[in-house]
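Peer 1: So that we are looking at the same thing, I have put the structure below in structure tokens.
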Amino acid sequence: MSSIPKNEQNQKQVQILNELSKRKVVENNSLITSIAKMDKTPLKIFELAVSCIDTEEPPKDHTVYLSKNELFAFFKVSDNDKHARFKQAVENMQKQAFFKIKEKKEHGFEFENIVPIPYVKWTDYHDEVTIRFSPEIIPYLINLKNNFTQHALSDLAELNSKYSIILYRWLSMNYNQYEHYSYKGGRREEQVEAYRNPSISIRELREMTDTINDYKRFTHFETRVLKEPLEEINEHTSFNVTYEKVKKGRSIDSIQFHIEKKRMADDNSYKLDDRAYQEDKGRKAETEDKLAIEAMKSKYTTLLLENMLLSPFEMQDTKIMAGLQAHVYPLYDQLKALRGLNGVKDHLSYVRAKQEAYSKRNIAKYLKKAIEQYLPTVKRQDLS
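In this note's numbering, the protein residues as written are 297 to 680.
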């Protein structure tokens with residue numbers, strides 16, 4: 297065989313992967329918190345199929361169409377046995393896979409067991425794969441006016457554990473709400489931060505991961521359901537996640553996660569992005585120097601130091617100090633006008649109490665987001 301067809305095949309696979317990287321999976325939160333009674337491969341096939349749904353114009357017959365090339369590229373399989381493995385995965389999904397959904401209603405809880413994909417059709421002579429969703433699962437995929445989560449399909453591609461996928465979907469659900477209320481308001485500061493640092497009881501985590509009867513020893517449970525999945529999530533997705541074990545008495549009662557969105561390599565320090573600062577590098581540097589000097593003299597810098605939210609080392613970073621002066625301190629001025637300097641002090645005390653070590657890597661942006669979340673609450677309270 298010549299190398300040309302193989303090169304063309306490789307190029308085609310790269311194109312497919314590029315297209316898949318643009319896909320999003322959108323699901324109702326009740327589906328994300330449900331019990332997925334299936335292994336990783338059926339779960340990933342389901343997520344891939346969901347990414348094909350156009351939520352603006354959902355398919356009337358509940359049917360989407362994949363290509364075998366998409367499936368094999370998504371699962372990164374190229375061996376001669378891939379068709380047989382796909383057939384086996386589909387058969388397992390239809391024989392065993394279902395979601396156990398629990399929803400709170402007015403008079404109690406409602407429980408549903410749903411087989412998500414009852415019909416799949418393909419041939420050995422055509423690339424197209426027909427996938428038909430069950431009517432019962434469709435409302436959890438298209439009725440997305442509220443309580444839904446969107447995540448990148450490409451993040452799921454590299455996850456090789458069922459627990460990694462389940463945890464990633466749940467973490468995405470919480471972080472999506474953090475981002476939403478950070479920008480839209482409507483929640484108290486501590487409520488918004490709770491979405492970025494979500495907690496779940498061990499009982500709920502075991503239910504969600506379908507491990508009520510598995511890994512009875514907590515050390516085994518922690519390794520398989522927490523440590524190993526989070527290693528995958530941190531390596532292959534847009535999240536960096538850590539966790540703490542919360543005790544009640546002598547036993548572990550719950551897990552608190554801390555989610556950080558990964559930044560671009562050059563985004564570790566605060567970058568001024570106003571148009572006025574983009575005219576040329578020389579003028580930008582001069583402007584940053586002036587802003588940094590002003591920040592050094594500011595009372596707010598003193599307060600940050602007193603609350604250990606800023607270190608002497610960070611004070612030597614011109615970009616950080618300029619970012620504080622240009623984007624954070626004007627918001628502190630607004631808070632000071634509303635609540636006085638003591639109001640600013642109280643806010644910084646709260647931020648200090650809630651701050652995690654990872655946020656120190658981007659302190660100016662962290663402080664800016666914190667005050668942006670808090671100001672709308674203060675303004676609403678003053679209007680009421």
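The C-beta atom is built at its ideal place from N, Cα and C for all residues, glycine as well. Please read all numbers here as calculations on a predicted model, not as lab measurements.
#1: Let's see if you can read the secondary structure: which residues bound the alpha helix (DSSP H) around Thr359?
#2: Within the continuous alpha helix (DSSP H) that includes Lys632, where are the two ends?
#3: Thinking Thr445 and Ser468 are a contact (beta carbons under 8 angstroms), I'd like their distance in whole angstroms, please.
#4: Output the distance between the C-alpha atoms of Phe370 and Ser497, rounded to the nearest integer angstrom.
#5: Per DSSP, what kind of secondary structure is Thr426 in: helix, strand or coil?
#6: Counting only the same chain and skipping the five closest in sequence on each side, list residues whose C-beta sits under 6 angstroms from that of Ile667.
#7: From Arg648 to Gly481, what distance separates their C-alpha atoms?
#8: Under 8 angstroms by Cβ, that's how I've got Tyr720 and Leu327 pegged, so tell me the actual separation to the nearest angstrom.
#9: Excluding sequence positions up to five away, which residues of its chain have a Cβ less than 8 angstroms from the Cβ of Leu631?
#10: Tyr415 lies in the alpha helix (DSSP H); which residues open and close that run?
#11: If you follow the alpha helix (DSSP H) that Lys269 is in, where does it begin and where does it stop?
#12: For Gln669, which three-state DSSP category applies?
#13: Can you give, in chain order, each stretch of the alpha helix (DSSP H) that sits fully within the region 460-516 and has at least 4 residues?
#14: Give the DSSP-derived three-state secondary structure of Ile410 in the structure shown.
#15: Is the CB-CB distance between Ile459 and Val537 below 8 angstroms?
#16: Tell me which residues share the same chain as His623 and place their Cβ nearer than 6 angstroms to its Cβ, disregarding the 5 neighbours each side in the sequence.
#17: Classify Asn677 as helix, strand or coil using the three-state DSSP reduction.
#18: Do Lys364 and Val425 count as a contact pair if the criterion is CB distance below 8 angstroms?
#19: Report all residues from its chain with a CB closer than 6 angstroms to the CB of Glu408; omit the five preceding and five following residues, and keep chain order.
#20: Would DSSP call Asp562 helix, strand or coil?
#21: So the beta strand (DSSP E) Thr337 belongs to, where does it begin and stop?
#22: Can you give me the C-alpha to C-alpha distance between Met592 and Glu485, rounded to a whole angstrom?
#23: What does a CB cutoff of less than 8 angstroms around Leu367 pick up in its chain, not counting 5 residues either side in sequence?
#24: When DSSP labels each residue in this structure, what does Thr597 get in the three-state scheme?
#25: In chain order, what residues of the same chain have a beta carbon less than 7 angstroms from the beta carbon of Ser457, not counting five sequence neighbours either side?
#26: For Phe609, report the span of its alpha helix (DSSP H) as first-last.
#27: Using C-beta distances below 6 angstroms, list every residue in its chain close to Val373, excluding the 5 sequence neighbours before and after it, in chain order.
#28: For Ser495 versus Ser550, is the C-beta distance shorter than 8 angstroms?
#29: Could you check whether Val321 and Val360 sit closer than 8 angstroms to each other, using their CB atoms as the reference points?
#30: Just how far apart, CA to CA, sit Leu568 and Ala332?
#31: Could you check the C-alpha separation between Leu600 and Gln621 for me, to the nearest Å?
#32: Could you tell me which residues DSSP pairs with His403 in its beta bridges?
#33: Within 10 angstroms of its Cβ, does His447 collect 16 or more other Cβ (buried), or is it exposed?
#34: Taking just the CA atoms, how far does Phe405 sit from Glu518?
#35: In the structure shown, what three-state DSSP assignment does Phe535 receive?
Peer 2: For this structure:
#1: Careful: Thr359 lies outside any alpha helix (DSSP H), inside the beta strand (DSSP E) at 359-363.
#2: Its alpha helix (DSSP H) spans residues 625-650.
#3: Between Ser468 and Thr445 the Cβ distance is about 5 angstroms, and since that is below 8 angstroms, they are a contact.
#4: Between Phe370 and Ser497, the C-alpha separation is close to 33 angstroms.
#5: The answer is strand: DSSP assigns Thr426 an E or B state.
#6: So the list reads Leu627, once near-sequence residues are dropped.
#7: Rounded to the nearest angstrom, the two C-alpha atoms are 21 angstroms apart.
#8: The chain is shown from 297 up to 680; residue 720 falls before or after that span and cannot be answered.
#9: Take Leu631, set aside five residues on each side of it, and the residues of its chain with a beta-carbon closer than 8 angstroms to its own are Gly639, Val640, His643, Ile667, Tyr670, Leu671, Val674, in chain order.
#10: Counting along the chain, Tyr415 falls outside any alpha helix (DSSP H), though it belongs to the beta strand (DSSP E) covering 415-418.
#11: The structure shown does not extend to residue 269, since the chain spans only 297 to 680, so no value can be given for it.
#12: Here DSSP, grouped into helix, strand and coil, assigns Gln669 to helix.
#13: Taking 4 residues as the shortest admissible run, the region 460-516 contains the following complete alpha helix (DSSP H) segments, listed from N- to C-terminal end: 485-492, 498-504.
#14: It is a strand residue.
#15: Position check: residue 459 holds Tyr in this sequence, whereas Ile was assumed. Judged by beta-carbon spacing, Val537 lies beyond the 8 angstroms limit of Tyr459, meaning their Cβ atoms are not closer than that value.
#16: Around His623: Lys664.
#17: Going by the sequence as given, residue 677 is Gln instead of Asn. Here Gln677 sits in helix by DSSP.
#18: Cβ atoms of Val425 and Lys364: closer than 8 angstroms.
#19: The beta carbon of Glu408 sits closer than 6 angstroms to those of Ile397, all from its chain and outside the five residues before and after it, given in chain order.
#20: For Asp562, the pLDDT reaches just 39, beneath the cut-off of 50, and the residue's location in the model is therefore unreliable, leaving the point undetermined.
#21: For Thr337, no beta strand (DSSP E) segment is defined; the enclosing uninterrupted segment is the alpha helix (DSSP H) at 336-346.
#22: Taking C-alpha positions only, Met592 is separated from Glu485 by approximately 28 angstroms.
#23: Closer than 8 angstroms at the Cβ level, and outside the excluded window around Leu367, lie Ile341, Leu344, Phe382, Val425.
#24: Helix, per DSSP.
#25: Short of 7 angstroms from the beta carbon of Ser457, and not among the five residues preceding or following it, lie these beta carbons of its own chain, in chain order: Lys336, Glu524, Pro525, Glu528.
#26: Unbroken alpha helix (DSSP H) run through Phe609: 608-611.
#27: Contacts found: none.
#28: The answer is yes: Cβ separation under 8 angstroms.
#29: Result no, Cβ atoms of Val360 and Val321 do not sit closer than 8 angstroms.
#30: At Leu568 the pLDDT is 39, less than 50, meaning the model places this residue with poor confidence; the figure from the coordinates comes in the next sentence. Rounded to the nearest whole angstrom, the C-alpha separation of Leu568 and Ala332 is 44 angstroms.
#31: So the alpha carbons of these two residues sit roughly 12 angstroms apart.
#32: By DSSP's assignment, His403 forms no beta bridge with any residue.
#33: Buried: at least 16 other Cβ atoms inside 10 Å.
#34: Glu518 and Phe405: Cα-Cα distance of roughly 29 angstroms.
#35: It is a strand residue.
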